[in-house]
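Residue numbers (full-length UniProt numbering): 1 to 241. All C-beta atoms, glycine included, are put in the ideal place defined by N, C-alpha and C.
Pasting the structure below:
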């Protein structure tokens, strides 16, 4: 505010001098012109120059700081670029090697699945299914097991009374989590006979994979003394075939 008041005062003085100069002689006009020039110089060096000089000094200081930072940055060793996040922190060579290994594992797993699928009974081959059921019964009886029942698990209860067809087998396979036909065996067995039966499953012509079981101990007692006379295992095993 003080600066504005100073400028206003100087303008009034200059106007007053101009009016006075018009009434003066040429000699006096030259004298007052010199005085006016001195006032203008005073205005420039008193107000304009200090502010401009200060701004120029600030700009020079900022440029000097920027030049210093550029020199320091040029002296520092360049840092290697960070690995791409999409490569999991690995470089390109490592990522390609890992990808190649994953492809190999996928191919290996696919081949193993194909091999295992070929070990199961073909769903449309009723003769192969009968051969597997005969093999299960023979294996159980060889281990001193008494087979009470060997039945398919069908999608509908009424299908149990019907002869199995390819369509029934397919529907039953799609209706369980294993996507394979299920067979339930109910038998009586000793502990040794049951272990022998389970060990022999790998020798059957097709895969019969136990997926669930229910085993309980049964005891026959003397009618009078209630002493144990005979004991056995009641076994119910469900196979995916």
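| Check | Outcome |
| --- | --- |
| DSSP three-state assignment for residue 145, whether helix, strand or coil | coil |
| Supposed close pair residue 241, residue 207 - CB separation, criterion 8 Å | 7 Å |
| Alpha-carbon to alpha-carbon, residue 232 and residue 191 | 8 Å |
| Rounded straight-line distance, which links the Cα of residue 213 to that of residue 189 | 14 Å |
| Nearest residue (CA-CA) to residue 145, options 196, 176 and 210 | 196 |
| Alpha carbon of residue 193 to alpha carbon of residue 120, nearest angstrom | 25 Å |
| Test item: CB-CB of residue 147 and residue 137 under 8 Å | yes |
| Per-residue DSSP class, three states only, for residue 174 | helix |
| For residue 166 and residue 126, the rounded distance between their alpha carbons | 8 Å |
| Residue 182, enclosing beta strand (DSSP E) - first and last residue | 182 to 189 |
| Distance between beta carbons of residue 169 and residue 238, contact taken as under 8 Å | Rounded, the Cβ-Cβ distance is 16 Å, inconsistent with contact. |
| Residue from 221, 204, 225 and 222 whose Cα sits closest to the Cα of residue 128 | 204 |
| Selected residue, minimal CA-CA separation from residue 210, among 172, 105, 100 and 198 | 198 |
| Three-state secondary structure (DSSP) of residue 156 | coil |
| Status (buried if at least 16 other CB within 10 Å, exposed otherwise) for residue 139 | buried |
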